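As structure tokens, the structure follows; a few thoughts come after it.
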Amino acid sequence: MRFAACVLLAVQTSIIALNAAEADAAHARVALGTGSPVDDTGTGGTGGSEALPDVHGQTREIAFYLARVLPTDVAYRSAPQTVQQAMTFQDRGEAAAERKRARSAVRLGHHKAMRRVKRAGVRWHSSGGCTDRGVRTCTSLASVRAGTISAVIALKRESRCPIKITGGTEAGHAPGAYSHGNGYKLDITLNACVDHFITHNYPLYSVRGDGARLYRGPGGDVYARESDHWDILFR
């Protein structure tokens, strides 16, 4: 809240300065001839005048910054009227999407990730009975992306199926930018409920080199049907 107050104070100060600039611009238009507008290049009106400040453009920039750094509803309610008018739905939508991407990229420790999935009713299993990320028989969620955890929880809620994680960020998986080790992929066990949900809701679009059938989920997620589990890439 202290940060929000500082941001709002800075915005209020900027708005006062912009309002003063707008008033000066209005006076300049009157002085330049019967109140006729002057264009941005100074060639309108009587000609040869200096360019007037782009007050509305600057107000819009402040509005977009405010929408980015504060929760959308707080930013809009707290903003001066001039800024509210400049905060279009597109601005607020882009700011919300940017915050969502930032949250999705946050890395979680194993225990924090486990607390989240357990609360959502998602189960976990390790063939080796361990969580060590460096051991391939363990199942670790260390350094998994928050967005990956949110996505597997969403799968649980949307499908209403039992979900059990059997593969996370532990050693032994194929490398790559969007790999298990980089926190983008999880393995879950097969079951009739989740198998039906994936294959009947997401289109089959390809077959991988190892024969796994690939289904395209929302947001570019990829569900690979391997022999004994689903190998899922959550983008």
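As numbered in mature numbering (1 follows the signal peptide of the UniProt record, and there is no 0), residues -20 to -1, 1 to 215 make up the sequence shown, in order.
Using N, Cα and C, we set each Cβ at its ideal position, and we do this for glycine too.
Because the structure is a prediction, the values reported are computed rather than measured.
Which word fits C110, buried or exposed, when buried means at least 16 other C-beta atoms lie within 10 angstroms of its C-beta? Translated into the one-based positions of the sequence shown, residue 110 becomes position 130. Looking at its Cβ environment, which holds fewer than 16 other Cβ atoms inside 10 Å, C110 is exposed.
Any idea which residues DSSP pairs Y203 with across the strands? Reading the sequence shown from its first residue, position 223 is the one you call residue 203. Y203 pairs with Y195, I212.
Check the DSSP bridge columns for V124 and list the partner residues they point to. Taking the sequence shown and counting its residues from 1, one reaches residue 124 at position 144. Answer is L88.
Can you give the beta carbon distance from I143 to V102, rounded, assuming they're within the 8 Å contact cut? Taking the sequence shown and counting its residues from 1, the one referred to as residue 143 is at position 163. Taking the sequence shown and counting its residues from 1, the one referred to as residue 102 is at position 122. The Cβ separation is near 5 Å, so the contact holds.
Does H160 pass the burial test, meaning 16 or more other C-beta atoms within 10 Å, or should it be called exposed? As a position in the sequence shown, residue 160 is number 180, starting the count at 1. Counting Cβ neighbours within 10 Å, H160 comes out buried, since at least 16 surround it.
Measure the Cβ-Cβ separation of A122 and R113 and say whether it is below 9 Å. Position 142 of the sequence shown holds residue 122. Position 133 of the sequence shown holds residue 113. Cβ distance < 9 Å, so A122 and R113 count as in contact.
L166 by DSSP, collapsed to three states: which one? In the sequence shown, residue 166 corresponds to position 186, counting from 1. Residue state, collapsed to three classes: strand.
In this structure, how does DSSP classify I133 when only helix, strand and coil are distinguished? Numbered from its first residue, the sequence shown carries residue 133 at position 153. Note: I133 maps to helix in three-state DSSP.
Between which two residues does the beta strand (DSSP E) holding V187 run? Taking the sequence shown and counting its residues from 1, the one referred to as residue 187 is at position 207. Element bounds for V187: 184 to 187.
Which value, in whole angstroms, describes the spacing of the CA atoms of V132 and G189? The residue given as residue 132 occupies position 152 in the sequence shown. The residue given as residue 189 occupies position 209 in the sequence shown. If I take the Cα positions, the gap works out to 25 Å.
As assigned by DSSP and simplified to three states, the class of I143: As a position in the sequence shown, residue 143 is number 163, starting the count at 1. The three-state secondary structure of I143, taken from DSSP, is coil.
Buried/exposed call for C118, threshold 16 Cβ in 10 Å: Taking the sequence shown and counting its residues from 1, the one referred to as residue 118 is at position 138. With 16 or more Cβ atoms within 10 Å of its Cβ, C118 is classed as buried.
Are I145 and L88 close, meaning C-beta to C-beta below 9 Å? The residue labelled residue 145 in the question sits at position 165 within the sequence shown. The residue labelled residue 88 in the question sits at position 108 within the sequence shown. Result no, Cβ atoms of I145 and L88 do not sit closer than 9 Å.
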